[in-house]
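Residue numbers (this note's numbering): 9 to 221.
We treat Cβ as the ideally placed atom computed from N, Cα and C, and that holds for glycine.
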Ligand SMILES: C[S@@+](CC[C@H](N)C(=O)[O-])C[C@H]1O[C@@H](n2cnc3c(N)ncnc32)[C@H](O)[C@@H]1O
């Protein structure tokens with residue numbers, strides 16, 4: 009079971025043992041003083057941490073987050089991490105992301121397409137400690153490969169793959185096998201540390217922890 013990073017605590021909220029981070033609420037989540045519950049049913053990274061996956065996070069790291077949407081998960085990340093670059097290409101959720109960033113000076117929203125890293129390479133520092141990816145789009149493995157250039161040699165990829173975003177007609181197990189192959193076969197790809205389905209929290213999703221080859 010992986011240790012919790014600094015800045016994440018388990019606390020009793022409404023009689024339940026919850027993962028929490030310290031920051032202003034973003035999505036109506038229950039709080040205990042300054043601590044806000046992190047809902048693993050609304051967050052793939054939350055589910056990965058809840059399940060004790062080998063996330064390698066310690067707190068304070070530099071993070072590139074791909075698919076930030078309205079900031080549900082990336083706001084928790086910014087609560088315990090250092091500089092957190094949040095890429096989202098849809099303007100509507102990005103507006104809410106901007107509000108989440110108002111009280112978080114280390115959270116940098118970028119209205120960009122994660123398939124085109126050249127468009128934000130001038131902003132995102134290289135050698136980030138972690139890439140967290142949750143883009144519901146076709147070609148999720150390709151997105152991870154294209155953004156690998158930002159990751160430090162000893163950094164980690166924490167990736168959620170949604171089977172239905174690749175192909176609604178295919179068996180999720182086949183989609184996941186293909187994605188794992190694609191991530192690992194490229195010389196400039198990844199080495200898998202751990203992967204598991206997180207169906208208890210997110211149906212037909214695979215969570216992957218990997219490091220650059
Ligand atoms: C499942 S939602 C993300 C939820 C978010 N990660 C969270 O936990 O709070 C997927 C998001 O990926 C975004 N997305 C899909 N393709 C993208 C791309 N190519 N570049 C940037 N964002 C993308 C969608 O607009 C959507 O907001």
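Excluding the five sequence neighbours on either side, which residues of its own chain have a C-beta within less than 6 Å of the C-beta of residue 127, listed in chain order? Once the five neighbours on either side are set aside, the close Cβ partners of residue 127 are 120.
Residue 142 Cβ short of 6 Å to ligand 1 heavy atom set: yes
Report the partner residues of residue 29 according to the DSSP bridge assignment. Residue 29 is bridged by DSSP to 16, 44.
Have a look at 199, 131, 167, 77 and flag the residue whose alpha-carbon is nearest the alpha-carbon of residue 140. Checking every option, the nearest Cα to that of residue 140 belongs to 167.
Quick check on the burial criterion: 16 or more other C-beta atoms within 10 angstroms. Buried or exposed for residue 193? By the neighbour-count rule (16 or more Cβ atoms within 10 Å), residue 193 is not buried but exposed.
DSSP three-state assignment for residue 151, whether helix, strand or coil: helix
To the nearest angstrom, how far is the alpha carbon of residue 170 from that of residue 42? Computed Cα separation, rounded: 32 Å.
Taking the beta strand (DSSP E) that residue 87 falls in, what are its first and last residues? No beta strand (DSSP E) holds residue 87; the alpha helix (DSSP H) holding it covers 80-88.
Terminal residues of the continuous alpha helix (DSSP H) containing residue 105? For residue 105, the uninterrupted alpha helix (DSSP H) run begins and ends at 99-110, by DSSP.
Using 8 Å for Cβ pairs, my map puts residue 163 next to residue 220. What's the rounded Cβ distance? 7 Å
Alpha carbon to alpha carbon, how far is residue 59 from residue 176? Give it in angstroms, no decimals. For residue 176 and residue 59, the distance between alpha carbons rounds to 26 Å.
Keeping to the same chain, check which residues put their C-beta closer than 6 Å to that of residue 70; ignore five residues upstream and five downstream. 90, 91, 136, 137
For residue 131, does the count of other Cβ atoms within 10 angstroms reach 16, so buried, or fall short, so exposed? exposed
Quick one: measure Cβ to Cβ for residue 38 and residue 16, integer angstroms, because I've assumed they're closer than 8 Å. Wrong, their Cβ atoms sit about 16 Å apart, outside the cutoff.
Near ligand 1: residue 92 beta-carbon under 6 Å from a heavy atom: no
C-beta contact flag for residue 29 and residue 63 at 7 Å: No, they are not a contact pair.
Using three-state DSSP, classify residue 183 as helix, strand or coil. helix
If I follow the unbroken alpha helix (DSSP H) through residue 53, where does it start and stop? 52-58 is the span of the alpha helix (DSSP H), which, as asked, contains residue 53.
Is any heavy atom in ligand 1 found nearer than 6 Å to the beta carbon of residue 122? yes
Rounded to whole angstroms, what's the CA-CA distance from residue 36 to residue 185? Just pull it up for me. 36 Å
Residue 157 versus residue 23 - alpha carbon distance: 44 Å
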